[in-house]
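From first to last, the protein sequence lines are chains V and W.
Numbering that gives the first Met the number 0 numbers the first residue of the first sequence as 0 and each following residue consecutively.
Numbering that gives the first Met the number 0 numbers the first residue of the second sequence as 0 and each following residue consecutively.
Below is one structure, written out as structure tokens; the observations come after it.
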Amino acid sequence: MLLYRTLFPRNVFAELERLQRDVQQSPEISPSIRGFTRGGFPAMNVGGTPKSVEIYAFAPGIEPSSLDVQIEKGVLTISGERKPEDIPEKAAVHIDERFAGRFSRVVTLPDDADPAAAQARYGDGVLHISIARKEAAQPRRISIQ
Amino acid sequence: MSERTTASSDTSRKEAAILPPVDVIEDSAGITMYADLPGVPKDRLSLQIESDTLTLEGDVVLDFPEGMEANHVEVSLPSYRRVFTLSKELDGSKVHAEFKNGVLKLRIPKVDHAQTRKVEIKVL
């Protein structure tokens, strides 16, 4: 029997969304004008805390300088290019599964994300973007007089 | 080189793992393999060659802020694993590996006498 341990903290809504997306893989239903994002490059995980929005893009083999991260009108765009590997002359390609070419992926940020407080780091092939939520949006306890 | 898809009974770890995408390119002197293993630090990558079996394994390590909840998950398993069977003409003792930015590059040379010799065909 296979044991399933999860990498990302589980959330019942995320699980439901995943189920729903799996169902939507049928060709008749198109959830987004940009096509089916699942299975695209780079793969993305998105999570959040009361203080921040955390985005992890799994983009191996890219020079950080060729990655472009932009936030505009509450939409985060990650784009760049992954060059194909050099294939020597007279070589045979037996397996060709890795993505090569230009890519762009888009995430709609929650309203309280503060674009001015975004940080991005690239390490071990993962781009981690952390965007703080605006102070006013964080829960505040109101004292009762 | 071929991929082993049937689960062998001797693997110690039976956890579900991500099958990393690979490119395999063969030239006259050997095979070059690239594997995408994003999120795996160098010290959590394991590469094993046992007789004719090549096993790639790696653990994904991400730094989460405390109390994070997932909203959207595409990479949900914490490790990668893929197993290949090497054919006889490949020299498993001279494998060269590089690992950078989550991409593993493996070079497996062919044993000397296995390098291609051109066979001349006489047309009679």
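We put the beta carbon where it would ideally sit given N, CA and C, even for glycine.
query, result
"Own chain partners of L66(V) with C-beta closer than 6 Å, once the 5 adjacent residues on each side are dropped", "G79"
"Test: I24(W) CB closer than 8 Å to a CB of chain V", "yes"
"Backbone secondary structure at P108(W) - three-state DSSP", "strand"
"Anticipated Cβ contact below 8 Å, G29(W) with R106(W), distance rounded", "6 Å"
"Under 7 Å by beta carbon: chain V residues contacting V39(W)", "D123"
"Where R139(V) falls, given that 16 or more other Cβ within 10 Å makes a residue buried", "exposed"
"Buried or exposed (CB count within 10 angstroms, at least 16 for buried), S29(V)", "Annotation note: pLDDT 47 at S29(V) (below 50); position unreliable, coordinate value reported separately. It counts as exposed."
"CA-to-CA distance, V72(W) to E16(V), given in whole angstroms", "9 Å"
"Limits of the beta strand (DSSP E) - the one that M67(W) falls within", "Careful: M67(W) lies outside any beta strand (DSSP E) and carries neither H nor E."
"Close beta carbons around E96(V), own chain, < 8 Å, minus the five adjacent residues each side", "none"
"Reference A117(V); option with closest CA among F40(V), T76(V), F102(V)", "T76(V)"
"Contact list for the stretch 63 to 78 of chain W against chain V, Cβ threshold 9 Å", "F63, P64, E65, G66, M67, E68, A69, N70, H71, V72, E73, V74, S75, L76, P77, S78"
"Sequence-distant residues of its chain with Cβ nearer than 6 Å to K104(W) (five each side left out)", "Y33, E97"
"Neighbourhood of R81(W) by C-beta, 6 Å cutoff - its chain only, sequence neighbours within 5 removed", "L18, P19, L55"
"Nearest-angstrom Cβ-Cβ length linking A119(V) and R132(V), presumed shorter than 8 Å", "About 17 Å; that fails the 8 Å criterion."
"Status (buried if at least 16 other CB within 10 Å, exposed otherwise) for I54(V)", "buried"
"Element boundaries [beta strand (DSSP E), containing R80(W)]", "78 to 84"
"Any chain W beta carbon closer than 8 Å to L15(V)", "no"
"Closer than 8 Å to chain V by CB, P108(W)", "no"
"Any chain V beta carbon closer than 8 Å to L105(W)", "no"
"Chain V within 8 Å of G101(W), Cβ atoms only", "yes"
"Residue-chain proximity (S51(V), chain W), Cβ-Cβ < 8 Å", "yes"
"Supposed close pair N70(W), G46(V) - CB separation, criterion 8 Å", "6 Å"
"Assigned exposure category for I61(V) - 16 Cβ within 10 Å defines buried", "buried"
"Sequence-distant residues of the same chain with beta carbon closer than 7 Å to A15(W), five excluded per side", "L76"
"Bounding residues of the beta strand (DSSP E) (the contiguous stretch that carries D42(W))", "Where D42(W) is concerned, there is no enclosing beta strand (DSSP E), given that its DSSP letter is neither H nor E."
"Chain V contact for D90(W) (CB, 8 Å cutoff)", "no"
"Residue(s) in a DSSP beta bridge with V23(W)", "I94(V), M32(W)"
"Check whether N100(W) and G124(V) have beta carbons under 8 Å apart", "yes"
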